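Taken in order, the sequence shown gives residues 150 to 355; the numbers are from our numbering.
Note sheet for the following structure.
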Amino acid sequence: MALEGVVLAKPRGFCAGVERAIEVVERALVIYDKPVYVRKEIVHNRHVVAALRDQGAIFVEELAEVPAGATVIFSAHGVAPSVWEEAQHKNLRIIDATCPLVTKVHLEVLRYAKKDYTIVLIGHEDHDEVIGTMGEAADHMRLITTVEDANRLEVPDPQKVVCLTQTTLSVDDTAVVIEALRAKFPELVLPGKEDICYATHFVSRP
150 MALEGVVLAK
160 PRGFCAGVER
170 AIEVVERALV
180 IYDKPVYVRK
190 EIVHNRHVVA
200 ALRDQGAIFV
210 EELAEVPAGA
220 TVIFSAHGVA
230 PSVWEEAQHK
240 NLRIIDATCP
250 LVTKVHLEVL
260 RYAKKDYTIV
270 LIGHEDHDEV
280 IGTMGEAADH
290 MRLITTVEDA
300 NRLEVPDPQK
310 VVCLTQTTLS
320 VDDTAVVIEA
330 LRAKFPELVL
340 PGKEDICYAT
350 HFVSRP
C-alpha cells in the first residue's frame, strides 16, 4: 500500500564549518609528515572519521596522547584556552579547524566577560563545543539546557545577563528556553546575529 503525505527530503551534506574542518584534515595529511593527530573526532560521523584514519589521521581524546613537536588539528567544535596553552607547551604544530560560527561565540564570551556580564550558555554539558566555550570565561558563565534550568537560574546582577547558544541546537528547543530567560530577566541581551548554525534550521515547503 502506498504511503500518502510522506515527503522524502534530499540527502543533506555537512554544514560549511564541518566541510571546512574535514578539508583541513585532508590537506594536512598531504602537506605534513604523518602521522597527523586530531584532537577529538573532527565531526561526529564514524564513516568520515574512518576514512580520515585510513589516510593517516590519528584521533585522540587529549593532547597527552600527542608526542611533543607533532602536528595536531583542533576539531570543528573548538577548544578552551587551556588546550591551546597545553599544545604550545608541548611545542605542537597547531592547525585550528574550529568552525567560524563557534569562534564567533567564543569571541562574544570574551567581550561580555570583560563587561562583567553573566553569560548564560544554552547547551549540553558533555558536548565538546560547550566544554570549549565554557573554558573561555568559566567564572562568568552559567550553563543551562531546559526551561526549568532557566527558571531556577540566579545571577549576581539581573540587569547584566547575556544569552549565547551551542551552535548545533534545535532552533525550536532553544527558542522556548530563551523566552523563559526573557521572562525572568527583562534586560536579557541577545547577540545581534543568531549563533545557531543555519544547517540545523528546518525549512518547510508547500
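Even glycine gets a Cβ: it sits at the ideal position worked out from N, Cα and C.
Here the structure is a predicted model, which means the values were calculated and not measured.
In the DSSP output, what is L270 paired with across the bridge? DSSP, once it has assigned bridges, lists L292 and L313 as partnering L270.
On the criterion of 16 or more Cβ atoms from any shown chain inside 10 Å, does V167 qualify as buried, or is it exposed? Buried: at least 16 other Cβ atoms inside 10 Å.
Measuring alpha carbon to alpha carbon, tell me which residue in L313, I207 and N300 is nearest G272. Nearest to G272 by alpha-carbon distance, out of L313, I207 and N300, is L313.
Is it buried or exposed for E336, if we count other Cβ within 10 angstroms and need 16 for buried? Taking a 10 Å sphere around the C-beta of E336, we find fewer than 16 other C-beta atoms and assign the residue as exposed.
Over what stretch of residues does the beta strand (DSSP E) that includes A206 continue unbroken? Where A206 is concerned, the enclosing beta strand (DSSP E) stretches over A206 to V209.
Locate the alpha helix (DSSP H) running through I361, then write down its first and last residues. Residue 361 lies beyond the residue range present for the chain, which begins at 150 and ends at 355; the question has no answer from this structure.
For my contact list, A177 and T220 are in at a C-beta cut-off of 8 angstroms; report their separation, rounded to the angstrom. The Cβ separation is near 7 angstroms, so the contact holds.
Run of the alpha helix (DSSP H) containing V197, from where it starts to where it stops: V197 -> alpha helix (DSSP H) spans R195 to D203.
Distance CB(V197)-CB(I171) smaller than 9 angstroms: Yes, these two residues count as a Cβ contact at 9 angstroms.
Thinking just about the alpha-carbon of each residue, which of K309, E278 and V232 is nearest to the one in K263? Out of K309, E278 and V232, K309 has the C-alpha closest to the C-alpha of K263.
Compute the Euclidean distance between the alpha carbons of T267 and E328, then round it to the nearest angstrom. For T267 and E328, the distance between alpha carbons rounds to 17 angstroms.
Please name the residue, chosen from A206, L318 and L250, that lies closest to H276 on a Cα-to-Cα basis. Selected option, being the one with the closest Cα: L318.
How many whole angstroms separate the CB atoms of I293 and V251, which I take to be in contact at a CB cut-off of 8 angstroms? The pair is not a contact, with the Cβ atoms about 19 angstroms apart (cut-off 8 angstroms).
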